[in-house]
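Colleague: So that we are looking at the same thing, I have put the structure below in structure tokens.
In the numbering used here, the protein residues as written are -5 to 345.
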């Protein structure tokens, strides 16, 4: 078992190379071992391109060794035709007799069918090696498939005395609590997730761009909750409405949508959050960062609609202002980023 875990850890490390690039597909890495030596490896790099198992098999120089090798992969090989042929068929075609799988794919199109197919043709198929770690790696994909909503990450910064924003601020000019390194890290996070959400107050006060300008990567889809479309009549031109990045605005009475600016109807007589998440699920968005103000963030916390929270604590004091959201949990991880502290929380009830 220790040997299997060793190579599964390598699969997980390879798979992480695709973070933010493989949507809507999961993160998958694969290694091929012959006589306790890795002779091939690969990971899924982008949707539509070959899967991890294909890249691993193709990287093996001496294909005659495959019949005596073991293929390791952190997620069940697919058994259906999508943009690429089934990986399980390729494994069988190459006469690979031993296959070790980390976790079963929750996608109904796979969901154990790949394992069953391999069990019919391979001599030895093991499933569940480092299953917890494999599911953690693909937490976005698993949440999306099981809960029919995006994986939700709450993010905010607060001062040493617990304020998220000053009492007053100049419109369109946010007051920064964290240092430039933390700010760049947030842009890296944005490149790893599919969407990012703020409420109307944040849109009007901070006029955020919600892009990845400080990091090389794809911009997330921007999401705005604006019941009465006050953003359209703002005294300043909002970045969120500039058509440069796909943006979805949730409101009571939608106006005509454009190519990059989409208006979706929400019934505000009911809790709008489940409705918003359902629409984002229909758009095939597997993850979302909530970067709104105190009211928006607290509404997700109170509705128990979140999976993890990332909270910065800067080195400044406001003395008064808007209090940070209340999250009375024990953190699972802390780190220091120059003068800032970053605390991570996990919502155990969501798993």
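Where is the CB? At the ideal position from N, CA and C, for every residue including glycine.
Taking only runs that begin and end inside the region 111 to 187, name each unbroken alpha helix (DSSP H) of 4 or more residues, in chain order.
Modeller: Within the region 111 to 187, the complete alpha helix (DSSP H) runs of at least 4 residues are 125 to 131, 133 to 141, 174 to 186.
Colleague: Does the beta-carbon distance from residue 311 to residue 326 come in below 8 Å?
Modeller: Not closer than 8 Å, so no.
Colleague: With a threshold of 8 Å, are at least 3 pairs of Cβ atoms found where one atom belongs to the region 209 to 216 and the other to the region 185 to 197?
Modeller: Short answer: they touch.
Colleague: Secondary structure at residue 72, three-state DSSP: helix, strand or coil?
Modeller: Three-state DSSP puts residue 72 in coil, outside helix and strand.
Colleague: Measuring CB to CB, does residue 316 end up less than 8 Å from residue 147?
Modeller: Result no, Cβ atoms of residue 316 and residue 147 do not sit closer than 8 Å.
Colleague: Rounded to a whole number of angstroms, what is the C-alpha to C-alpha distance between residue 2 and residue 319?
Modeller: Those two C-alpha atoms are separated by around 39 Å.
Colleague: Determine the closest residue to residue 30 out of 176, 302, 115, -4, with distance taken between C-alpha atoms.
Modeller: The option with the nearest alpha carbon to residue 30 is -4.
Colleague: Taking the beta carbon of residue 249 as the centre, do at least 16 other beta carbons fall within 10 Å, making it buried, or is it exposed?
Modeller: Exposed, because fewer than 16 other Cβ atoms sit within 10 Å of the Cβ of residue 249.
Colleague: Does the distance from the C-beta atom of residue 239 to that of residue 258 stay below 8 Å?
Modeller: Cβ atoms of residue 239 and residue 258: not closer than 8 Å.
Colleague: Answer yes or no: do residue 60 and residue 132 have a C-beta to C-beta separation smaller than 8 Å?
Modeller: Against a cut-off of 8 Å, the Cβ pair of residue 132 and residue 60 comes out as no contact.
Colleague: Count the other C-beta atoms from every protein chain shown that fall within 10 angstroms of the C-beta of residue 232, then say buried if there are 16 or more, exposed otherwise.
Modeller: When all chains shown are included, residue 232 counts as buried.
Colleague: Looking only at its own chain, which residues have a Cβ that is under 6 Å from the Cβ of residue 172, when we skip the five neighbours before and after it?
Modeller: Around residue 172: 151, 306, 308, 334.
Colleague: Return the chain-ordered list of same chain residues with a C-beta closer than 7 Å to the C-beta of residue 53, the five sequence neighbours on each side being excluded.
Modeller: If we look at residue 53 and ignore the five residues flanking it on each side, its Cβ neighbours are 34, 35, 36.
Colleague: Roughly how many whole angstroms lie between the Cα atoms of residue 161 and residue 313?
Modeller: Going by the C-alpha atoms only, they are around 10 Å apart.
Colleague: If you draw a straight line from the C-alpha of residue 221 to the C-alpha of residue 245, how long is it?
Modeller: The straight-line gap from Cα to Cα measures roughly 4 Å.
Colleague: On the DSSP bridge list, what partners appear for residue 306?
Modeller: Answer is 151, 336.
Colleague: Mind reading off the beta-carbon distance from residue 115 to residue 86? Whole number of angstroms is fine, and I expect it under 8 Å.
Modeller: Yes, they are in contact, since the Cβ atoms of residue 115 and residue 86 sit about 5 Å apart, within 8 Å.
Colleague: Using the three-state DSSP reduction, which class does residue 192 fall into: helix, strand or coil?
Modeller: Note: residue 192 maps to strand in three-state DSSP.
Colleague: Within 10 angstroms of its Cβ, does residue 23 collect 16 or more other Cβ (buried), or is it exposed?
Modeller: It is buried - the Cβ of residue 23 has at least 16 other Cβ atoms within 10 Å.
Colleague: What do you reckon, are the CB atoms on residue 235 and residue 255 nearer than 8 Å?
Modeller: Yes; because the gap between Cβ atoms is below 8 Å, this pair is in contact.
Colleague: Express the C-alpha separation of residue 102 and residue 67 in angstroms, rounding to a whole number.
Modeller: Distance between the alpha carbons of residue 67 and residue 102 is about 19 Å.
Colleague: For the beta strand (DSSP E) holding residue 8, just list the boundary residues, first then last.
Modeller: Run containing residue 8: none in the beta strand (DSSP E); it sits in the alpha helix (DSSP H), -4 to 9.
Colleague: Can the beta-carbon of residue 372 be found less than 8 Å from the beta-carbon of residue 175?
Modeller: In the structure displayed, the chain extends from -5 to 345; residue 372 sits before or after that span and is not available.
Colleague: Output yes or no for whether 8 Å exceeds the beta carbon distance between residue 88 and residue 51.
Modeller: Cβ distance < 8 Å, so residue 88 and residue 51 count as in contact.
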